[in-house]
Amino acid sequence: ALLSAGERLSAATIAKTAAAVAQHAAARLEEQGLLAAVHAIVKAARDPSADVKAAAARATGRLLLSQIAEAEGGAPQSLPALVSTVVALLGMDQDSEVQRTMLSVLRRVAAASPAALPPHWKDVVPSICAIGSAGPTKVAAERTLARVLALDRGLEPALAFVPAGGPLEAFLRRLSKMPTEEEDDGLL
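In this text, residue positions in the sequence shown follow our numbering: the first is 1027, and each later residue adds one.
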């Protein structure tokens, strides 16, 4: 069903509020508050508006990064509950801004907590690889894939995940040569 302008505004407000709470107060959220924040993010990610979905992606990133900081580099506790939302926001049916925002989140999470994403590679990596648009979104997807698979530290973990030999291994070798410095894309 199509949402009215007022309902869309409400969804956008909820997504932006979740992003602000995730950025500034995630460490103080009790379990119930954390569940409510995750639920608000998941709900916003299902909204038809690209702006609301981009806000949901930012809220996801802010929440995960806040939890990583609180755990001093440990895996964020809400990541398992948000993996399906991450995958959905990377989908081919998403606006390129939504995809680029989610890719930025993944790069930052991988940089802040290298051990956080490998348990979720089977869900996240195919979604990154499926991004087929040209231009900035494709470049962001390649940079994200290199960061998520930690190709700057070697190909071994990635090759254990994907079949060795053939064009995929050559592609990973090319990505491993990409610079690893994080760009400030302003999306988070």
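Backbone N, C-alpha and C define an ideal beta-carbon position, used for all residues, glycine too.
Notebook entry, point to check: What are the complete alpha helix (DSSP H) segments, minimum 4 residues, inside the region 1143-1186?
Noted result: 1147-1155 and 1162-1174
Check: Apart from the five residues just before and just after Trp1147, which ones in its own chain have a Cβ nearer than 8 Å to its Cβ?
Finding: Here the question's residue 1147 lines up with position 121 in the sequence shown. Excluding sequence neighbours, Trp1147 sits near Val1174, Leu1175 and Phe1187.
Notebook entry, point to check: With distances taken from CA atoms, which of Ala1141, Gln1125 and Arg1126 is nearest Gly1099?
Noted result: For the purposes of this step, residue 1099 is taken as the residue at position 73 of the sequence shown. Closest option to Gly1099, Cα to Cα, is Ala1141.
Check: Using the C-alpha atoms, what's the distance from Arg1088 back to Arg1199?
Finding: For the purposes of this step, residue 1199 is taken as the residue at position 173 of the sequence shown. For the purposes of this step, residue 1088 is taken as the residue at position 62 of the sequence shown. Approximately 31 Å, taken between the alpha carbons.
Item checked: Beta carbon of Gln1125 nearer than 7 Å to that of Leu1132 -> Looking up residue 1125 in the sequence shown gives position 99. Looking up residue 1132 in the sequence shown gives position 106. In this structure, Leu1132 does not lie closer than 7 Å to Gln1125 by Cβ.
Notebook entry, point to check: How many angstroms separate the CA atom of Leu1090 from the CA atom of Pro1102?
Noted result: On the sequence shown, residue 1090 is found 64 positions in, with the first residue counted as 1. On the sequence shown, residue 1102 is found 76 positions in, with the first residue counted as 1. Taking the straight line from one Cα to the other gives about 6 Å.
Notebook entry, point to check: Can you tell which of Ser1104, Ala1081 and Ala1082 has its C-alpha closest to the C-alpha of Ser1092?
Noted result: The sequence position of residue 1092 within the sequence shown is 66, counting from 1. Of the listed residues, the one whose Cα sits closest to Ser1092 is Ser1104.
Check: What number of angstroms, rounded off, separates the C-alpha of Met1204 from the C-alpha of Asp1149?
Finding: Looking up residue 1204 in the sequence shown gives position 178. Looking up residue 1149 in the sequence shown gives position 123. In a straight line, the C-alpha of Met1204 is about 23 Å away from that of Asp1149.
Checklist line | Coarse secondary structure for Arg1200, derived from DSSP in three states | finding: The sequence position of residue 1200 within the sequence shown is 174, counting from 1. DSSP places Arg1200 in helix when its eight states are reduced to three.
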